[in-house]
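*Asks:*
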Amino acid sequence: MAQLALSKPHWVKRWVIRLSKVLFFILLFVAVGRTLGNPYNWLNHPLADKVATLIYGYGHVGGEEIDDAYFYIDVLTVIAITIVIYLITMKLIRKIRSK
396 MAQLALSKPH WVKRWVIRLS KVLFFILLFV AVGRTLGNPY NWLNHPLADK
446 VATLIYGYGH VGGEEIDDAY FYIDVLTVIA ITIVIYLITM KLIRKIRSK
């Protein structure tokens with residue numbers, strides 16, 4: 396009976412797990428972003444120009460719009476890679492814990 400009194404409520408455990416998953420995702424997001432580095436190094440300029448033209452329209456693309464396109468492509472790439480790595484990691488953890 397004393398052991399039940401010392402154990403944490405179920406909702407606390409659930410929120411700790413959720414918080415740790417969010418913190419893991421943020422840490423993974425930062426790590427992937429730092430690993431990819433500067434988008435000007437790994438992203439093709441004509442692709443960024445086409446994306447900027449798609450977003451802002453033909454004739455309205457300047458230097459700032461190109462920079463914005465690089466930023467948008469970089470963030471979307473980092474999010475996509477992070478989601479894939481996160482899902483694979485969570486699936487592996489679930490598989491390891493079930494054994």
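If you're matching positions, the sequence shown starts at 396 in our numbering and goes up one per residue. Beta carbons are placed, not taken as given, at the ideal position from N, Cα and C, and that holds for glycine. Only a predicted model underlies this, so the values are computations on that prediction, with no experimental measurement involved.
1. Give the DSSP-derived three-state secondary structure of ASN436 in the structure shown.
2. Out of curiosity, what's the CA-to-CA distance linking TYR481 and TYR453?
3. How close, in whole Å, do the beta carbons of THR477 and PHE420 come, if the pair is a contact with beta carbons under 8 angstroms?
4. Report yes if the CB atom of PRO441 is closer than 9 angstroms to the CB atom of ASP469, and no otherwise.
5. DSSP three-state call for MET396: helix, strand or coil?
6. Name the residue from ASP463, LEU438, ASN436 whose alpha carbon lies nearest to the alpha carbon of LEU449.
7. For the segment 413 to 480, which segments carrying the alpha helix (DSSP H) assignment without a break, of at least 4 residues, lie completely within its bounds, in sequence order?
*Replies:* Considering the structure as presented:
1. helix
2. 37 angstroms
3. 7 angstroms
4. no
5. Only weak support is given to the placement of MET396: the predicted model assigns it a pLDDT of 47, under 50, and the value that follows is read from those uncertain coordinates. In this structure, MET396 counts as coil in the three-state DSSP scheme.
6. ASP463
7. 434 to 437, 440 to 451
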